[in-house]
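Sequential numbering of the sequence shown, starting at 2, is according to the numbering used here. Positions of the beta carbon are idealized from the N, C-alpha and C atoms, including for glycine. Treat the numbers as computed from the prediction; the structure is a model and nothing was measured.
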Amino acid sequence: MNQEQVIIFDTTLRDGEQSPGAAMTKEEKIRIARQLEKLGVNVIEAGFAAASPGDFDSIHTIAGFITQSTVCSLARASEHDVRRAGEAITPAMQHAEKNGRIHTFIATSKIHMENKLRMSEDQVVERAVQAVKWALEYTHDVEFSAEDAVRSEMDFLVRVFDAVIAAGATTINVPDTVGYSIPEPWGERMATLIKRVKNADKVVWSTHCHNDLGMAVANSLAAVANGARQVECTINGLGERAGNASLEEVVMAIKTRQDYFNLTTRIDATQIVPASKLVSTITGYPVQPNKAIVGANAFAHESGIHQDGVLKHRETYEIMRAEDVGWNTNKLTLGKLSGRNAFRTRLKELGIELSSEDALNAAFARFKALADKKSEIFDEDLHALLSDEFDSVASEHFKLVYLHVASQTGEVPHAEITLSADGIEKSAQADGGGPVDATFKAIESIANSGVELQLYSVNNITSGTDAQGEVTVRLSKGGRIVNGQGADTDIVIASAKAYLNGLNKLYSKSEKLNPQL
Ligand code: KIV
Ligand code: ZN
2 MNQEQVIIFD
12 TTLRDGEQSP
22 GAAMTKEEKI
32 RIARQLEKLG
42 VNVIEAGFAA
52 ASPGDFDSIH
62 TIAGFITQST
72 VCSLARASEH
82 DVRRAGEAIT
92 PAMQHAEKNG
102 RIHTFIATSK
112 IHMENKLRMS
122 EDQVVERAVQ
132 AVKWALEYTH
142 DVEFSAEDAV
152 RSEMDFLVRV
162 FDAVIAAGAT
172 TINVPDTVGY
182 SIPEPWGERM
192 ATLIKRVKNA
202 DKVVWSTHCH
212 NDLGMAVANS
222 LAAVANGARQ
232 VECTINGLGE
242 RAGNASLEEV
252 VMAIKTRQDY
262 FNLTTRIDAT
272 QIVPASKLVS
282 TITGYPVQPN
292 KAIVGANAFA
302 HESGIHQDGV
312 LKHRETYEIM
322 RAEDVGWNTN
332 KLTLGKLSGR
342 NAFRTRLKEL
352 GIELSSEDAL
362 NAAFARFKAL
372 ADKKSEIFDE
382 DLHALLSDEF
392 DSVASEHFKL
402 VYLHVASQTG
412 EVPHAEITLS
422 ADGIEKSAQA
432 DGGGPVDATF
442 KAIESIANSG
452 VELQLYSVNN
462 ITSGTDAQGE
472 VTVRLSKGGR
482 IVNGQGADTD
492 IVIASAKAYL
502 NGLNKLYSKS
512 EKLNPQL
């Protein structure tokens, strides 16, 4: 039986990056894009080209090397934005498959048109049509989104979609921008649009749901059940505010409940957990243990009755197999005796390319140092190690030179630290409520940054007491929020690295536009 395919449109690099503090460097985006291609997503929304020169550059680079997925740029419905998006995806148009897409959007709800755009309905329709026409100058693959479709009037939505399809749009996306919908009306909305819009059968219908009421996945699936054939989603459900629909949940629901949907996707599910871990490591957004599919406990059975059942017959309590979504595939890769070639080969297999022999040598030296402390090195360790490597190359304002922390029962924890600040070494010491507190205070007595620490979390990267601890800190200053990460077998050192990484991001990241502003 030939099942219809649902197109998986991943927007981790665009909507996902709109999560507070989740801004990614170009190298980080490249690594995620490679993993998304491996995962088999149909479309990678690589960014919003007009947002900043950095966003443009990332999309342009990703469009140059990704060949198995379509690379897309978001654009507001303005000539400048659409042309920037068109230029950014040009390298993808040079591949035999000409797989570059422009995704243009304009708000269609009264509240947005009157208060944000200050445009009439006629003006919005005209601009939407014009944006599609500009986009068609660059690619045949043009997606149009009606922002805040959830609160838009049905008659007006039909009018806009009639017009953009007539102008040549090939995908029509219906977003629940504010996460307001619930499954039944969302499904009905999709069905009504497909029934009423002219030439609805000539385009792909898409859904894009936010998770403000915790229903992004349910709403997306309701849209699919009513005719949507593209779902816009993100790894780990990352995204603006409460996030977007989570890719892994959408994909596994379609796969596991084929009896209901009778649909398929082209996702290689065994790449889901590696993708989840990579995105979590890079963005510093930990995955909650009870998160479906990718949470550490998603396949753990605690109750004796469940354990007994699973041992006797797995399907008694399991509807999916952990290995089918990529658990337990963290192959033991390298160890103390591994050489440079083995290291280089494994990085290549992981889709990590270092810019020069010098960068490879530096990374290899760090790997050797880690292998001295930790007998088994897994793929996750390599990702964390390389994240550190890319960060230290990207932003060098503060660097950890030396850290000594004393912590003992009955004594006040004390930290002594030496940092290199723009190449000049400075030392300081401080007491604190605990070793991490003392370390952060010592750093601050040098940096004087005035940041507020909003979040501090530690996760083990792999299992075992010699595992690396991965620390995430969220720092805010003057309305800007960044996440800093650091990994080390010593969690106090990992904490210092994370804090410095956050400070470096605050020093180095350029401002960029948010498309919805
Ligand atoms: O949530 C939203 O409406 C968006 C659009 C730009 C598609 O992200
Ligand atoms: Zn969105």
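Check your understanding: Rounded to a whole number of angstroms, what is the C-alpha to C-alpha distance between Lys337 and Lys369?
Key -> 7 Å
Exercise for review: Output the distance between the C-alpha atoms of Trp135 and Tyr500, rounded to the nearest integer angstrom.
Suggested key: 45 Å
Review point. Which value, in whole angstroms, describes the spacing of the CA atoms of Phe441 and Ala497?
Key: 7 Å
**Study point:** Three-state class that DSSP yields for Pro54 in the structure shown
**Key:** helix
**Study point:** C-beta atoms of Asn484 and Phe399 nearer than 8 Å
**Key:** no
Exercise for review: Flag Glu319 as yes when its Cβ comes closer than 7 Å to any non-hydrogen atom of ligand 2, and as no otherwise.
Suggested key: no
Practice item. Along the alpha helix (DSSP H) that carries Lys196, what are the first and last residues, could you check? Key: Pro184 to Arg197
Check your understanding: Enumerated in chain order, which unbroken segments of the beta strand (DSSP E) with a length of 3 residues or greater are wholly contained in the region 319-407?
Key -> 333-335 and 399-407
Review point. In three-state terms, what does DSSP make of Ser121?
Key: coil
Point to revise | Beta-carbon proximity of Thr172 to Ser207, cut-off 8 Å | key: yes
**Study point:** Sequence-distant residues of the same chain with beta carbon closer than 8 Å to Thr265, five excluded per side
**Key:** Gln4, Glu5, Gln6, Val7, Ile255, Lys256 and Gln259
Review point. When burial is assigned at 16 or more other CB atoms within 10 Å of the CB, is Tyr286 buried or exposed?
Key: buried
**Study point:** Closest residue to Val133 among Gly101, Ala168, Asn449 and Val179 (Cα-Cα distance)
**Key:** Ala168
Practice item. Taking 8 Å as the cut-off, decide whether the C-beta atoms of Gly101 and Ala64 are in contact. Key: yes
Check your understanding: Is it a yes or a no for the region 111-130 touching the region 58-73, going by three-plus beta-carbon pairs under 8 Å?
Key -> no
Check your understanding: Using a threshold of 7 Å, is the CB atom of Thr178 nearer than that to any non-hydrogen atom of ligand 1?
Key -> yes
Check your understanding: Taking one C-beta from the region 462-482 and one from the region 423-434 each time, how about it: are there three or more such pairs within less than 8 Å?
Key -> no
Practice item. Assign Gln36 to one of two classes, buried (16 or more other C-beta atoms within 10 Å of its C-beta) or exposed (fewer than that). Key: buried
Review point. Looking at Ala364 and Leu371, is the spacing between their C-beta atoms short of 8 Å?
Key: no
Check your understanding: How would you call Glu155, buried or exposed, if buried means at least 16 neighbouring beta carbons within 10 angstroms?
Key -> It is Met, not Glu, that sits at residue 155 in the sequence shown. With fewer than 16 Cβ atoms within 10 Å of its Cβ, Met155 is classed as exposed.
Review point. Below 8 Å between beta carbons: does that hold for Leu507 and Val452?
Key: yes
Review point. Is any heavy atom of ligand 3 found at a distance shorter than 7 Å from the C-beta of Glu241?
Key: Questions concerning ligand 3 fall outside what the structure shown contains, since the ligands it does hold are ligand 1 and ligand 2.
Check your understanding: Terminal residues of the continuous beta strand (DSSP E) containing His209?
Key -> Val205 to Cys210
Check your understanding: Are there 16 or more other CB atoms within 10 angstroms of the CB of Pro290, so buried, or fewer, so exposed?
Key -> exposed
Review point. If you draw a straight line from the C-alpha of Val151 to the C-alpha of Val179, how long is it?
Key: 8 Å
Exercise for review: Report whether the distance from the Cβ of Asn245 to the nearest heavy atom of ligand 2 is below 7 Å.
Suggested key: yes
Check your understanding: What is the DSSP secondary structure of Arg230, reduced to helix, strand or coil?
Key -> coil
Review point. From Ala229, Gly238 and Ala224, pick the residue whose C-alpha is nearest to that of Gly215; which is it?
Key: Gly238
Exercise for review: Sort Asn200, Gly244 and Val159 by Cα distance to Asp177 and report the nearest one.
Suggested key: Gly244
Check your understanding: Is the beta carbon of Val251 sitting closer than 8 Å to the one on Val218?
Key -> yes
Exercise for review: Give the C-beta separation of Lys513 and Ser53 to the nearest angstrom, bearing in mind that I take them to be a contact with Cβ-Cβ under 8 Å.
Suggested key: 3 Å
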